[in-house]
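Undergrad: Below is a structure I'd like to ask you about.
Chains as they are written, first to last, in this note's numbering: chain A, 263 to 697; chain B, 263 to 697; chain C, 263 to 697; chain D, 263 to 697.
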């Protein structure tokens, strides 16, 4: 895979940070240093050529001349904790440390860039953003889609004279960002496109963790805790929690590891059966007989194979995501009917915290993380890098080409030690398939 | 209405508290003092005879001889914050201050008292309950119903030799408690039945506030806050929150007053229309045009008249409550179709926090309140009072006969200053009926 | 005591609220209805004449003509949770429901009203205040004192053309407000002075609870919880928490009732000794021998008699409060030396949460309470009432003349049932005096 | 540096986990795989031999035969969030996955192992530990010191027949653990000593983060937030917060990055002056003139050079730590006198959250981290590894020999990009030295 980062051209301007923090010369990035992709080596069999990634951070020389630089920020897709922190950090870093004072906020995602959008961009100033990290959501608003006519988006950027576009969003948004960068390159526009990957599900490739993920699973812990209380409060109580996770069960897994009250966790990566002799319902029955209550945590993308959609499961939302059937409601109904058939009293309490999780303000660790991602995004943009995202790998901030980042999705490897840790924490059978 | 409290007979035993706190003699209740039901007087037209209530608190003389007294606690109906606090307080007060050491916990509501229940009562000790107030729910478990054969419940109590039954539950539970007390009286059993009214909806008559209510509306504030963030995050975003409140909109109203982000509140006490010229959807449309986002808070019992149930709305759960149709889902769908017809983009985000609210541990003020209710319940029980509840009115702890407490439900008076306060806080029209 | 409320003159203007909520005519106050001060009656010996108080709420007729009315808000003294909620509510109610759009915010207490203050008043608008209730403190700033020249304050108010002064503060502030009202009356100024009493200690006369108090004791619960953890974490661990309460131990008592981990509570109202045979240290020693750890909660005003100040205890701060010696540090040292003398290992962990408590944003119940106090203050001001405060008694909102409110301080009656409840919750001896 | 891990001998027992999770064979550790210490490479100048570390995780073969294995857990030094999580995890993993049912909890640190300790060890069972992660502190209690006679500690372990000692503590504790392992080796005892490094300051070498650190700085954010509210609430308000950090300013730095309200941060790694022309007080004065309020965050170990101790700064506590002078109180006094001299009103509000931070229960991310550290510690112990700690580096769990871990302390490199990030977030001068 190609991990080299594109740049707009030669960096000719001296960074003003060099003057403001002269004794911190050593804090600027040495381009000869790179970050290894893999930290684990086979001592008997070391690889010859190992992939490395570019280190994020401030550069001595800038491509853009700060006083004449104009930036824009856009937030796309569903809400995620920390969006406002990232916006705030980009504005503060640009303004106070580079002297870039013209920063436009695009309203409601890429749609706000379209010709004829009813929502005009807003000027973002330090005064306007200084307290926004204390509330959830995004002050810019967000929306799905808007990528049907990338050329028109580039037209708008060109008209507004934008030099750096900071685009915060998921897969679809980043693919759009890549196309914007490509078209800008063809047109010869001095436009740097810097992505800050946003996925509450933590499923971006080559990225150790995505912002907002920790806040999300931390908040999910509350739902599990409530389910546990409810399960204890009724005869054969079953607390059932549905959490986010379309393609990966990271939120469900992390929340379960953090609050050890989950007895069964279901994720998209691990198919399962429901019926005896080895399905979930069978194991649930045994568990209830022994322990009188149980907590089940299911990721929204799990067990989709159990449900036959009238629409053949191909309906999509504006981001192009297939609309999922509701596995939480489905399992609730299956539990109810299974135990009704067996004339065993069971009380299922179903909790779907949904928007309560993604609308949270960032927890302190996420707030810090978003603040640094914002700083690094600005460093990259000012240096004229483009078609890339900022992220973290092996605990180090790095640059990844958008193309590499969107080649696939990170999912839980169910043969890994991590999944083994999860299973040991819940105590559930390693396998709930009938064959 | 008759507010006199029944007692089992003459109080012959000196309270041990008199010996332990000799200088606090003045803290014992003077039976000549009573609490006014009404604090508001018409100066031109004072009433002749005004109803008064018995003051809660410790008595100098006890009916039961502590070392030979045996108590039981039962929790019934849905979960409510503070249940464990009440249980803890009853055990601690009985044990440490009266020397009553035999306290049984009945499992899973009245059903746990039935002949042949698979769930045996548990012994409750200070050591077992000392930390339970830090978690939500009830360590005893709860369930609905169990009142179909009151005689058999009294049989069990008689067999176990219970002298004081502390019963924590709502309307149905209290009616059952009244019947238990009546049957015990007929049988000549020395059984005191003390109710601690539990209604997360705060709708018990003659009771200023019920325990858990504050925790519930405080937690509901989080859902409203999340809805507000979501509403701001999308073009014409509408955050819609459904809260508890079958017959009364207190939780919705208090939460709305506490977090001033609600624009429309719908409660069972105030009927409303949806369609133009004066219905909710019409006013919502105008509001969105002006403000671009809106938050709606609906109590679960509101607007039931809009939905025609296949079952004619008469299906009941085990507590005898009519099953409500889901007004939250209904309004969500009506908003969606209304604006689709008008080709106006609207993004509805629906939040149903449900069990997340009732499974919370008590907030400090509720914890304190539950602790005192428990102490007062024990004082009443030890003095041989029966067929009564402990509660608070005019900021004073009192005793109310169960019969008086269950004669009706407290609801919001929509001609009152309180409702006026709510309307001024949301800013919604005083009336959303078409005629 | 005289509970009659002064008014500026005849109310000639029809309330605009009458037109906006026509069907809520019944929500306006009937001046013939009043609130009893006492809810407890002696049935054998009823009093002839009982004091009553004026009910707070909106009036049909106003003294001030809204479009020509100009209001000001000032916050004085130490911070208290809920200040911003009150400010917000006054602005919102004035603006949206009365149409009063000119509202000035005085900076940093009465000092900001002084001739030559470097801090100019700020215009307060709905847009400026809409989110301020989500943060602690006061957006206006506050300060102590400033009451040395009341005439000059009235001069400023006159120059600014202020008709209603909303003054939020404690004893000293209210006394100042009373003087402002008196001077204004003498000068014949149409100035209504409405106080919203602020005392985090909850010690205002004739007021059931003061705003911010619940938030304060709820936050204090965290400190007690931390002290409990520390006490458990070391051999003979003693967690010692100092809480606010100069003259009254309400915060300490309520926090102890809410979180049942306190073993000894010390308040200003109840003197205590330290040494054997019956002092705190003696009882602490016995408790440690038995239980291995203990938690002590001390109000800052407790036990002042134990400390001899070099300055004879007469130094005062700008609000005129005597500077207290630090009883927390004193007790910590006494415990340490007592057990060192006895060669008994004891580990004292001292927690002084101080500003962490008063800087909290209001909890939901306080937020609601502040919102209503603000609404009621505006109703009173618009009706031309003056020299009064809004408050709550017997769970009903009322008006109290400032003079009556500042005649004395509310303290814990240590012969009352309430104090008895506290002692039963901690389990400490009723009396820790040696004679 | 030598990163090889000692083992007690040949592993002869098959791990029972292999049987319980047969399809997860791949989740067992391949000893040929190791983790690189350094992830950053110089592409022009790659190193020949790079240090690698052993990967943590479950092994196929065990040294100890589970049914005959006896473990002990000890917690030492000051409290730290997550201690109970680690204890819980060790017990659960040992019990449920290895079948090791004999686990002793040593009371109050190494002192509880001493001959004649009044505190007998307690048996730890799943039932006893299942909910302990929900409260702060350590159920075992802790204490400093106890390492003066290591031989006697080994005597006790030998008498109790302990095979694996899990020791949770800081520098001194780990050094003690190393000595225990050495003596056990000399005596030929089959004793595995596994350390889980505990340092709330996050200053252990070769360890990316220590447990409890995130909870600590997250809680510290509240103190900074309170200081910010107080600073805004008074004329020229200065909020001053003292945070933990004897030798390193990580808590102060992370908290400041997470909550962007800090204007000046002072850490032990960066000396500073106070007076003009370039000291803190001078810059504070300028900042106040411009902005009217300021927040200062100081780590307890900062600026010690400014204070001359009567005892020459050499007094030590039982852990051997030099007692620090109180830099928070010192700076508070210097600010007060500096501005008094200049007749400029300044209001300093000093917050020292101290024990409130370390007594917190672990935040979800720390809870998860502690759970995994506990699992990995058990895997290591069962495989007979010894004289080592479990930790994380480059986002991967690893083993480090105790000797390597205690060779030095991790501190902030004030020439690094990280410190640069902190300075850019606060906006303070890069250097506040006069020469």
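Every residue gets a Cβ at the ideal spot worked out from N, C-alpha and C, and that includes glycine. These numbers were taken from a predicted model, which means no experiment stands behind them.
Nearer than 6 angstroms: is that true of the beta carbon of residue 645(A) relative to any heavy atom of the ligand SAM?
TA: With respect to the ligand SAM, the structure offers nothing, as it holds no ligand at all.
Undergrad: Would you call the CB atoms of residue 469(A) and residue 653(A) closer than 7 angstroms?
TA: It is a contact, given that the beta carbons lie within the stated cut-off.
Undergrad: Please tell me whether residue 218(A) and residue 594(A) are closer than 7 angstroms, where the distance is taken between their beta carbons.
TA: Summary: the structure shown does not reach residue 218(A), with chain A confined to residues 263 through 697, and so no result is reported for it.
Undergrad: Against chain G, does residue 656(A) count as a neighbour if the rule is that its beta carbon must be under 7 angstroms from one of theirs?
TA: The chain labelled as chain G is not found among the protein chains of the depicted structure, namely A, B, C and D.
Undergrad: Rounded to whole angstroms, what's the CA-CA distance from residue 601(C) to residue 607(C)? Just pull it up for me.
TA: For residue 601(C) and residue 607(C), the distance between alpha carbons rounds to 7 angstroms.
Undergrad: In terms of residues, what are the limits of the beta strand (DSSP E) holding residue 661(A)?
TA: Residue 661(A) -> beta strand (DSSP E) spans 658 to 663.
Undergrad: Closest by CA to residue 565(B), which one among 688(B), 666(B), 380(B) and 507(B)?
TA: Ranking 688(B), 666(B), 380(B) and 507(B) by Cα distance to residue 565(B) puts 507(B) first.
Undergrad: So which of 689(C), 549(C) and 535(C) has the shortest CA-CA distance to residue 696(C)?
TA: Here the closest residue by C-alpha is 535(C).
Undergrad: Can you tell me where the beta strand (DSSP E) holding residue 608(B) begins and where it ends?
TA: Note, residue 608(B): premise wrong, no beta strand (DSSP E); not H, not E.
Undergrad: Check the DSSP bridge columns for residue 334(D) and list the partner residues they point to.
TA: Paired residues: 366(D) and 427(D).
Undergrad: For chain B, check one thing: does any of its Cβ atoms lie closer than 7 angstroms to the Cβ of residue 572(C)?
TA: At residue 572(C), the pLDDT of 45 sits below 50, so the modelled position is not reliable; the number obtained from the coordinates is stated separately. No, residue 572(C) does not count as interfacial toward chain B.
Undergrad: Looking at residue 359(D): is its Cβ nearer than 7 angstroms to the Cβ of residue 692(A)?
TA: No; because the gap between Cβ atoms is not below 7 angstroms, this pair is not in contact.
Undergrad: For residue 560(A), count the other beta carbons within 10 Å of its own beta carbon; 16 or more makes it buried, fewer makes it exposed. Which is it?
TA: Counting Cβ neighbours within 10 Å, residue 560(A) comes out buried, since at least 16 surround it.
Undergrad: Kindly confirm or deny that the region 635 to 655 of chain D and the region 457 to 472 of chain D touch, where touching means at least three C-beta pairs closer than 8 angstroms.
TA: Output reads yes: the region 457 to 472 of chain D touches the region 635 to 655 of chain D.
Undergrad: Determine the extent of the beta strand (DSSP E) in which residue 650(C) is found, giving its start and end residues.
TA: Taken as a continuous stretch (DSSP letters only), the beta strand (DSSP E) holding residue 650(C) covers 650 to 655.
Undergrad: In this structure, does DSSP put residue 275(B) in helix, strand or coil?
TA: Three-state DSSP puts residue 275(B) in a strand.
Undergrad: Residue 322(B) and residue 277(B) look like a contact to me (Cβ under 8 angstroms); what is the Cβ gap, rounded to whole Å?
TA: That belief holds up - the Cβ atoms of residue 322(B) and residue 277(B) are roughly 6 angstroms apart, short of 8 angstroms.
Undergrad: What does residue 298(C) reach in chain B if we use C-beta pairs closer than 8 angstroms?
TA: Those are 298, 301, 302 and 303, listed as they occur along chain B.
Undergrad: Going by beta carbon distance, what residues of the same chain come within less than 6 angstroms of residue 337(C), once the five residues before and after it are set aside?
TA: 345, 400, 402, 404 and 430, listed in sequence order.
Undergrad: DSSP state of residue 304(C), grouped into three classes?
TA: In this structure, residue 304(C) counts as strand in the three-state DSSP scheme.
Undergrad: Does residue 614(C) pass the burial test, meaning 16 or more other C-beta atoms within 10 Å, or should it be called exposed?
TA: When all chains shown are included, residue 614(C) counts as buried.
Undergrad: Roughly how many whole angstroms lie between the Cα atoms of residue 413(B) and residue 544(A)?
TA: C-alpha separation (whole angstroms): 38 angstroms.
Undergrad: Return helix, strand or coil for residue 526(C), following the three-state DSSP convention.
TA: Three-state result, residue 526(C): strand.
Undergrad: So, with DSSP's three-state summary, where would you put residue 343(B)?
TA: The answer is coil: DSSP assigns residue 343(B) none of H, G, I, E or B.
Undergrad: Out of 669(A), 418(A), 662(A) and 687(A), which one is the CA nearest neighbour of residue 711(A)?
TA: Residue 711(A) lies beyond the residue range present for chain A, which begins at 263 and ends at 697; the question has no answer from this structure.
Undergrad: Establish whether the CB of residue 597(A) and some CB of chain B are separated by less than 7 angstroms.
TA: Output row for residue 597(A): interface = no.
Undergrad: Would you call residue 306(C) buried or exposed, if buried means 16 or more other Cβ atoms sit within 10 Å of its Cβ?
TA: Looking at its Cβ environment, which holds fewer than 16 other Cβ atoms inside 10 Å, residue 306(C) is exposed.
Undergrad: With a threshold of 8 angstroms, are at least 3 pairs of Cβ atoms found where one atom belongs to the region 617 to 636 of chain A and the other to the region 472 to 488 of chain A?
TA: Enough Cβ pairs lie closer than 8 angstroms, so yes.
Undergrad: Tell me the residue span of the beta strand (DSSP E) that contains residue 296(C).
TA: Residue 296(C) -> beta strand (DSSP E) spans 295 to 298.
Undergrad: Give me whichever residues DSSP pairs with residue 705(D) in a beta bridge.
TA: No answer is possible for residue 705(D): it lies beyond the span of chain D, which begins at 263 and ends at 697.
Undergrad: Taking residue 619(C) as the reference, give the member of 612(D), 522(D) and 271(D) with the closest Cα.
TA: The option with the nearest alpha carbon to residue 619(C) is 612(D).
Undergrad: Can you list the residues of chain B that residue 611(A) reaches, using a CB-CB cut of under 8 angstroms?
TA: In chain order: 617.
Undergrad: Taking any Cβ of chain C, which residues in the region 491 to 505 of chain D have a Cβ under 7 angstroms from it, in chain order?
TA: Residues 491, 492, 494, 495, 496 and 497.
Undergrad: Compare the beta carbon distance of residue 704(C) and residue 517(C) with 7 angstroms and say whether it is the shorter of the two.
TA: Here chain C covers residues 263 to 697 and nothing more, so residue 704(C) does not appear.
Undergrad: Give the residues from the region 354 to 369 of chain B that approach chain C closer than 9 angstroms (Cβ to any Cβ), ordered along the chain.
TA: Result list: 354, 355, 358 and 359.
Undergrad: I need the boundaries of the alpha helix (DSSP H) containing residue 388(A), first residue and last residue.
TA: From DSSP, the alpha helix (DSSP H) with residue 388(A) extends over 388 to 391.
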